[in-house]
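A.B. asks: I'd like to ask some things about the structure below.
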Amino acid sequence: MNKPVFEGLIVDEFDQPVEVSYVGSEACYVVNDAGFRRHIPAETIDRQVLEAMSQSIEGHEDMVAEMAARQLGQDDIFSKAIIQNQLRNIDQSLAQLMQIGLPEEVRAYLGMMGFRIRINVHGEVLAVEQPGTIAPEDE
Numbered sequence: 004m005n006k007p008v009f010e011g012l013i014v015d016e017f018d019q020p021v022e023v024s025y026v027g028s029e030a031c032y033v034v035n036d037a038g039f040r041r042h043i044p045a046e047t048i049d050r051q052v053l054e055a056m057s058q059s060i061e062g063h064e065d066m067v068a069e070m071a072a073r074q075l076g077q078d079d080i081f082s083k084a085i086i087q088n089q090l091r092n093i094d095q096s097l098a099q100l101m102q103i104g105l106p107e108e109v110r111a112y113l114g115m116m117g118f119r120i121r122i123n124v125h126g127e128v129l130a131v132e133q134p135g136t137i138a139p140e141d142e
């Protein structure tokens, strides 16, 4: 059973929080559409967000690894190499993440930092707000 990766970090077009519910064993994000509760498979939205995030990392693995190592207090060549390897094999990491989800503490931290995903009633990701990142058009 997959877990919703971004539970608590998703809002609809009107900034209303999106709930999580299960239909059988399938996790769904529930969007309130004028009183009608639309159940959208969580995997559909999670994959869209993870794909967008992996595309923003692509080509910047060295810089991301260096920044991550510095933030972790592990600013040595071995730590950077390990992080770079993880970033190059990001597809495997994402598949595992889809199975276990993000820990609640990580989701809480992301929420406090202003990370937010905006979706519409059809489950399309409208925006991924990641404070502290450079917008693609600004690069």
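Sequential numbering of the sequence shown, starting at 4, is according to our numbering.
Positions of the beta carbon are idealized from the N, C-alpha and C atoms, including for glycine.
1) Mind pulling the beta strand (DSSP E) runs of 3 or more residues that sit fully within the segment 57–123?
2) Within the chosen definition, does the segment 89–101 reach the segment 51–69 through at least 3 CB pairs nearer than 8 Å?
3) Cα-Cα, which of Q19, P20, E16 and G27 is closest to N5?
4) Could you check where the beta strand (DSSP E) with E132 kicks off and where it finishes?
5) So if DSSP puts D36 in a beta bridge, which residue, or which two residues, is it bridged to?
6) Within the same chain, show all residues whose beta-carbon is closer than 7 Å to that of H42, passing over the 5 residues directly before and after it, in chain order.
7) Looking only at its own chain, which residues have a Cβ that is under 7 Å from the Cβ of A130, when we skip the five neighbours before and after it?
8) Using a Cβ distance threshold of 8 Å, determine whether the segment 59–74 contacts the segment 84–93, with at least three qualifying pairs required.
9) Roughly how many whole angstroms lie between the Cα atoms of M143 and G11?
10) The beta strand (DSSP E) that contains E22, what's its start and end?
C.D. replies: By the coordinates alone:
1) 119–122
2) The segment 89–101, when compared against the segment 51–69, does touch it at the 8 Å Cβ threshold.
3) If you number the sequence shown from 1, residue 5 lands on position 2. Out of Q19, P20, E16 and G27, G27 has the C-alpha closest to the C-alpha of N5.
4) As a working mapping, residue 132 is identified with position 129 in the sequence shown. Where E132 is concerned, the enclosing beta strand (DSSP E) stretches over V128 to E132.
5) Taking the sequence shown and counting its residues from 1, the one referred to as residue 36 is at position 33. Looking at the DSSP assignment, D36 forms a beta bridge with F39.
6) Within the sequence shown, residue 42 is the residue found at index 39, counting from 1. Excluding sequence neighbours, H42 sits near S24, V26, C31 and V33.
7) Your numbering for residue 130 matches position 127 in the sequence shown. Excluding residues within five positions, the ones whose Cβ falls inside 7 Å are R121.
8) yes
9) The displayed coordinates of the chain run from 4 to 142. Any statement about residue 143 would go beyond what the structure contains.
10) Counting from one through the sequence shown, the residue named residue 22 turns up at place 19. Its beta strand (DSSP E) spans residues E22 to V26.
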